[in-house]
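The structure appears below as structure tokens.
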Amino acid sequence: MKLNFSFPLPFLFALAIFISSCQDSQKLPILGPREAVSVKNEDGSMGVDTLYQTIPAFRFLNQDSVYITNDQFKDKIYIADFFFTSCTTICPTMHRNMKSIFEKYKDNPEVMYLSHTIDFKYDKPSVLKKYAQKLGVDGNKWQFVYGSKDSVYKLAERNYLVAVMEDTTARDGYIHQGWLVLIDKQKRIRGAYDGTDPKQVEQLTKDIPVLLAEDKK
Amino acid sequence: MRKLLISTIVFCTLLTMIYSCQSADQVKQDIYYTNGRDYYIKYCQNCHGAKGEGLGALAPPLTDTVFLKENKQKLACYIKNGMSEAITIHGQKYEGKMPDFQTLASIDIAQIIVYITNSFGNKQGMYTLEQTSTDLKNCK
Numbered sequence: 001m002k003l004n005f006s007f008p009l010p011f012l013f014a015l016a017i018f019i020s021s022c023q024d025s026q027k028l029p030i031l032g033p034r035e036a037v038s039v040k041n042e043d044g045s046m047g048v049d050t051l052y053q054t055i056p057a058f059r060f061l062n063q064d065s066v067y068i069t070n071d072q073f074k075d076k077i078y079i080a081d082f083f084f085t086s087c088t089t090i091c092p093t094m095h096r097n098m099k100s101i102f103e104k105y106k107d108n109p110e111v112m113y114l115s116h117t118i119d120f121k122y123d124k125p126s127v128l129k130k131y132a133q134k135l136g137v138d139g140n141k142w143q144f145v146y147g148s149k150d151s152v153y154k155l156a157e158r159n160y161l162v163a164v165m166e167d168t169t170a171r172d173g174y175i176h177q178g179w180l181v182l183i184d185k186q187k188r189i190r191g192a193y194d195g196t197d198p199k200q201v202e203q204l205t206k207d208i209p210v211l212l213a214e215d216k217k
Numbered sequence: 001m002r003k004l005l006i007s008t009i010v011f012c013t014l015l016t017m018i019y020s021c022q023s024a025d026q027v028k029q030d031i032y033y034t035n036g037r038d039y040y041i042k043y044c045q046n047c048h049g050a051k052g053e054g055l056g057a058l059a060p061p062l063t064d065t066v067f068l069k070e071n072k073q074k075l076a077c078y079i080k081n082g083m084s085e086a087i088t089i090h091g092q093k094y095e096g097k098m099p100d101f102q103t104l105a106s107i108d109i110a111q112i113i114v115y116i117t118n119s120f121g122n123k124q125g126m127y128t129l130e131q132t133s134t135d136l137k138n139c140k
């Protein structure tokens, strides 16, 4: 039987081009609620645009007892999470994984980290500082912040979409989710990864360059 | 000739008996080790790490064979009652508090100790339930 190669070859080429072009336009989704707003176009006509949820302005004390705001993360992408220093369940694993990412992008000034404590009673800046030092984190790339219960919990649930709560029946007094939330330079949520799952942390490590490349264009 | 044959058979039988005795102990240790690994993953790994590497200066590694050997009688107490005294591992000081695990039964603790003292570069063999019970009685 004579095989006809003329058909599959161009087909394969087309497929290869198709796949590679897909990878070029790889983009992370924009998460969270959104709404349609009417905007005025340049020529004066009305149009519709999508308004994505962004992280609102915040002001917290960091591990050096200095107030930080969104300005700290201007033109940066960052990974946010919620934890507390006396947590014995998921936090050590989350921060072990986050630290491996921290080490990987140590030399990239565009990548930052923001850990909020949910233990408003005990985790004062001095405690956070000690924790950071023990974790082996230095400098201001990774911010550990302390705020009032109201401000941190609201921000977690409404904006970062992470469930946190005080629970006197829980062993450590608090329960919370272990999401590592990836925020882009426009303060939008671009990914949420389970910080206790090595596979999802691996995915986060892969998604960071994708998000960084997006702003380069 | 016959004498030689009989003595060889007797010798071989004895050898087999001794060998199988040892492997029964080995089997028991293996069971402890495997169960201990499950408990380790559930209760210990988040702080001490999958390879017993610890976490910065927050949680000590479990690779200090000398420390584990010298404090073997205290390990059960550390797990059951937690630990708040500062310790030095590999020359690094750890002063954080380790939580207690009161809900663990003595057999669980024995299995965890068998796992830890035979992993991460440690090779200290069996640690029985009886030893665990005795050590737990002597907790300070």
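In order, the protein sequence lines correspond to chains A and B. full-length UniProt numbering puts the first residue of the first sequence at 1, with every later residue one more than the last. full-length UniProt numbering puts the first residue of the second sequence at 1, with every later residue one more than the last. In this text, a Cβ means the ideal position worked out from N, Cα and C, and glycines have one as well.
Proximal residues of chain A, C-beta to C-beta of residue i below 8 Å
| i | result |
| --- | --- |
| LEU58 of chain B | PRO92, TYR131, LYS134 and LEU135 |
| LEU55 of chain B | PRO92, HIS95, ARG96 and LEU135 |
| GLY49 of chain B | ARG96 |
Chain-ordered chain A contacts of residue i [CB-CB under 7 Å]
| i | result |
| --- | --- |
| ASN46 of chain B | THR89, ILE90, PRO92 and THR93 |
| PRO99 of chain B | THR88 |
Exposed unless 16 or more other CB atoms sit within 10 angstroms - verdict on residue i
| i | result |
| --- | --- |
| ASN46 of chain B | buried |
| ASN62 of chain A | buried |
| MET98 of chain B | buried |
| PRO109 of chain A | exposed |
| ASP64 of chain B | buried |
| PHE144 of chain A | buried |
| ALA76 of chain B | buried |
| LEU14 of chain B | exposed |
| ALA36 of chain A | exposed |
Closest Cα partner of residue i within the set the options
| i | options | result |
| --- | --- | --- |
| ASN118 of chain B | B:ASP108, B:TYR39 and B:TYR33 | B:TYR33 |
| GLN53 of chain A | A:CYS87, A:GLY44 and A:ARG158 | A:ARG158 |
| TYR105 of chain A | A:VAL127, A:TYR78 and A:PHE82 | A:TYR78 |
| LYS141 of chain A | A:LEU114, A:MET46, A:ILE175 and A:LYS130 | A:LEU114 |
| TYR94 of chain B | B:CYS12, B:LYS28 and B:LEU55 | B:LEU55 |
| THR132 of chain B | B:GLY91, B:GLN124, B:ILE113 and B:SER23 | B:ILE113 |
| ASP25 of chain B | B:LEU136, B:TYR39, B:ASP135 and B:THR128 | B:THR128 |
| LYS74 of chain B | B:GLY121, B:CYS139, B:LYS28 and B:GLY96 | B:CYS139 |
| TYR40 of chain B | B:GLN111, B:GLN29, B:GLU53 and B:SER23 | B:GLN111 |
| ILE68 of chain A | A:GLN26, A:GLY147 and A:SER86 | A:GLY147 |
| ILE30 of chain A | A:VAL181, A:ASP197 and A:THR196 | A:VAL181 |
| GLY82 of chain B | B:LYS123, B:GLY96, B:ASP30 and B:VAL27 | B:GLY96 |
| TYR78 of chain B | B:GLY121, B:GLY91 and B:ASP100 | B:ASP100 |
| GLY178 of chain A | A:ARG188, A:PHE82, A:ASP184 and A:MET112 | A:PHE82 |
Cβ separation of residue i and residue j, assumed to be a contact under 8 Å, to the nearest whole Å
| i | j | result |
| --- | --- | --- |
| PHE73 of chain A | ASP123 of chain A | About 21 Å; that fails the 8 Å criterion. |
| HIS116 of chain A | VAL152 of chain A | 5 Å |
| GLN200 of chain A | ASP207 of chain A | So it is not a contact: roughly 10 Å between Cβ atoms. |
| LEU28 of chain A | VAL210 of chain A | 6 Å |
Exercise for the section: Tell me, please, whether the segment 11-28 of chain B touches the segment 87-104 of chain A by the rule of three or more beta-carbon pairs shorter than 8 Å. Expected result: no
Exercise for the section: Determine, using beta-carbon pairs with one atom in the segment 42-62 of chain B and one in the segment 84-104 of chain B, whether at least three such pairs fall under 8 Å. Expected result: yes
Practice task
Pair every Cβ in the segment 167-175 of chain A with every Cβ in the segment 43-59 of chain A, then say whether three or more of these pairs are closer than 8 Å.
Solution key: no
Practice task
Pair every Cβ in the segment 171-189 of chain A with every Cβ in the segment 125-139 of chain A, then say whether three or more of these pairs are closer than 8 Å.
Solution key: no
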